[in-house]
Amino acid sequence: MKIALGDTRIGLLRYLGLWTAVVVVFALQAMVHDAFFAETWSIFDYLRWSMIQWYTWAALAPWVFRLAARHPIQAPGRWRALSLHVFASIAMTALALTIGAGVSTWFEPSSFGEQLLQFVGRHAAIGLLTYWALLLLQHSLRLRAERAQRMLQASQLAAELARSRLQVLKTQLQPHFLFNTLHAIVTLLEEDQRSAEDMLLRLSELLRAFLHDYDGQEISLRRELDLLALYLGIQDQRFKDRLSTQIYVAPDTLDCAVPSLLLQPIVENAIRHGIGRRVGADRIEIEARRDGDSLCIEVRNRNSTLEPDAAPADGAAGHGIGLSNTRLRLRELYGEAAELRLDMLWPEGVACRIRLPFRVADDIEADDDAPEHLPA
80 MKIALGDTRI GLLRYLGLWT AVVVVFALQA MVHDAFFAET WSIFDYLRWS
130 MIQWYTWAAL APWVFRLAAR HPIQAPGRWR ALSLHVFASI AMTALALTIG
180 AGVSTWFEPS SFGEQLLQFV GRHAAIGLLT YWALLLLQHS LRLRAERAQR
230 MLQASQLAAE LARSRLQVLK TQLQPHFLFN TLHAIVTLLE EDQRSAEDML
280 LRLSELLRAF LHDYDGQEIS LRRELDLLAL YLGIQDQRFK DRLSTQIYVA
330 PDTLDCAVPS LLLQPIVENA IRHGIGRRVG ADRIEIEARR DGDSLCIEVR
380 NRNSTLEPDA APADGAAGHG IGLSNTRLRL RELYGEAAEL RLDMLWPEGV
430 ACRIRLPFRV ADDIEADDDA PEHLPA
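So, in structure tokens, the structure goes:
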């Protein structure tokens, strides 16, 4: 069972325990006072008097908290609420004194009137102070609850803003890839209709996977490679024997969490700046390994170069919306814990190197409908 104290709820046993502590403290204080200045009584007498006084306030305190919650002393209406609480403190103290005097007559030989006079003389001032102390306590609890609510709302708004920014970046990647693929299909329709049909089938499967699986921001590396296989199958139809791929993935990295659609724009960028612009063949190499607390992923192509003005010393540069958005997504998801850089290879080629926090994707559900690798 819980006691409602304004907007706060507290267990009955805990509530009674707090007031019992008050009873004991004031009983001991009265006994020590009388030991120095007056005749002392039995400890049970002091406890009985203290229990009558403070358990009465324990019964009235929920009403004080309710009044304080309903009429807070704050703008607008600060002075009206203050006047109401002045009247309520007097009325509540008078009620507490009356109840205390009535209960006390059961244990004392004097009349109710005599007990009431004693209670007024002894407890009127402390009763008023008790009301205002309870009022201040409720005010403090309300301010703390409001502060916690504001912090929660600010946290939720910040998280929603981050999700919205990441979603915008993802929606920029998909139309970019879709435009390039449709352009390749239109080109193939005049040269090889069978290959164009195969590309359309693979594209539809890839788009189905996009719509079905990727409402979240992270997936396992295993499923990311499944998506990449669909994309590479489309590019194999486009470039035929000119393009080859090699994938080196450490088994302990397959279940690691990575941003969804991480590899496709990077591989697309490698193909566009390699075989897409240069004659001859090209080889795309993809490697994933664990390095301590980090997951290291490299995408290399062997038929491109990195222009000097495109790669500053820190490797922060990157052409195209694919790499730019990938870098922004990594920054939003992992902050300084993630890194993406471009490096030259010898004797020719470019490597895109990514470092992420290593985290097994235990919370990402396996999907029986996840796309499987299609034959190239």
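Quick note: the sequence shown uses the working numbering, first residue 80, plus one each step.
For every residue, glycine included, the Cβ atom is placed at its ideal position computed from N, Cα and C.
*Pair within 8 Å by beta-carbon distance, Ser383 and Pro436*: no
*asked:* Less than 6 Å between C-beta atoms, sequence neighbours within five positions excluded: which residues of the same chain meet that for Phe198?
replied: Leu176, Gly179 and Ala180
*In terms of residues, what are the limits of the alpha helix (DSSP H) holding Ile313?*
Leu300 to Phe318
*Take the Cβ of Ser283 as the centre, count every other Cβ of all protein chains shown within 10 Å, and call the residue buried at 16 or more, exposed below.*
exposed
*Local Cβ density within 10 Å of Gln194, reported as buried at 16 or more and exposed below that*: buried
*Does DSSP put Thr343 in a helix, in a strand, or in coil?*
Here the sequence assigns Gln to residue 343, which means Thr is not the residue at that position. Reduced to three states, the DSSP call for Gln343 is helix.
*Note down the Cα distance separating Ser189 from Ile131, rounded to an integer number of angstroms.*
16 Å
*Ala395 to Leu340, Cα distance in whole Å?*
The pLDDT assigned to Ala395 is 41, lower than 50, so where the model puts this residue is not dependable; a value taken from the coordinates is nonetheless given after this. One C-alpha to the other measures close to 20 Å.
*Looking at Leu419 and Ile433, is the spacing between their C-beta atoms short of 8 Å?*
yes
*When the Cα of Arg362 is compared with those of Val111, Arg159 and Asp315, which residue comes out closest?*
Asp315
*Starting from Thr87, follow its DSSP beta bridges and name the residues at the other end.*
Leu84
*With distances taken Cα to Cα, identify the nearest neighbour of Thr324 among Asp331, Gln217, Glu366 and Phe123.*
Glu366
*Over what stretch of residues does the beta strand (DSSP E) that includes Ile326 continue unbroken?*
Leu322 to Val328
*Distance, Ala349 Cα to Arg381 Cα*: 9 Å
*Determine the burial state of Met278: buried for a count of at least 16 other Cβ atoms within 10 Å of its Cβ, exposed for fewer.*
buried
*Do you know offhand how far Val143's Cα is from Ser183's?*
23 Å
*Check whether the Cβ atoms of Leu307 and Val328 sit closer than 8 Å, and answer yes or no.*
no
_Could you compute how far the alpha carbon of Thr457 sits from the alpha carbon of Gly414?_
Any answer about residue 457 is impossible in this case: the structure gives the chain only from 80 up to 455.
*asked:* If distances are taken between C-alpha atoms only, which option among Ile169, Ala440 and Met80 comes closest to Ser299?
replied: Ala440
*Which word fits Thr266, buried or exposed, when buried means at least 16 other C-beta atoms lie within 10 angstroms of its C-beta?*
exposed
*Quick one: grab the DSSP three-state call for Glu377.*
strand
*Measuring alpha carbon to alpha carbon, tell me which of Arg221, Lys81, Glu427 and Gln296 ends up nearest Arg93.*
Lys81
*Near Gln343, which residues of its chain fall below 7 Å by C-beta distance, leaving aside the five closest residues on each side in sequence?*
Phe256, Leu306, Leu307 and Tyr310
*Where Arg438 sits in the DSSP three-state scheme*: coil
_Can you list, in chain order, the residues of its chain with a C-beta nearer than 7 Å to that of Ala147? Leave out the 5 residues immediately preceding and following it._
Gly85, Leu214, Gln217 and His218
*asked:* What does the Cβ neighbour count give for Gly397, buried or exposed, with the cut at 16 atoms within 10 Å?
replied: For Gly397, the pLDDT reaches just 44, beneath the cut-off of 50, and the residue's location in the model is therefore unreliable, although a value from the coordinates is still provided. Buried: at least 16 other Cβ atoms inside 10 Å.
*Simplified DSSP assignment, three categories, for Thr99*: helix
*Would you please state the rounded distance, in angstroms, between the beta carbons of Ala360 and Arg321? I believe it to be under 8 Å.*
5 Å
_DSSP three-state label for Ile433, please._
strand
_Give me, in chain order, the residues of the same chain whose beta-carbon lies closer than 6 Å to that of Arg406; leave out the 5 immediate sequence neighbours on both sides._
Leu419
*Leu139 lies in the alpha helix (DSSP H); which residues open and close that run?*
Ile122 to Arg149
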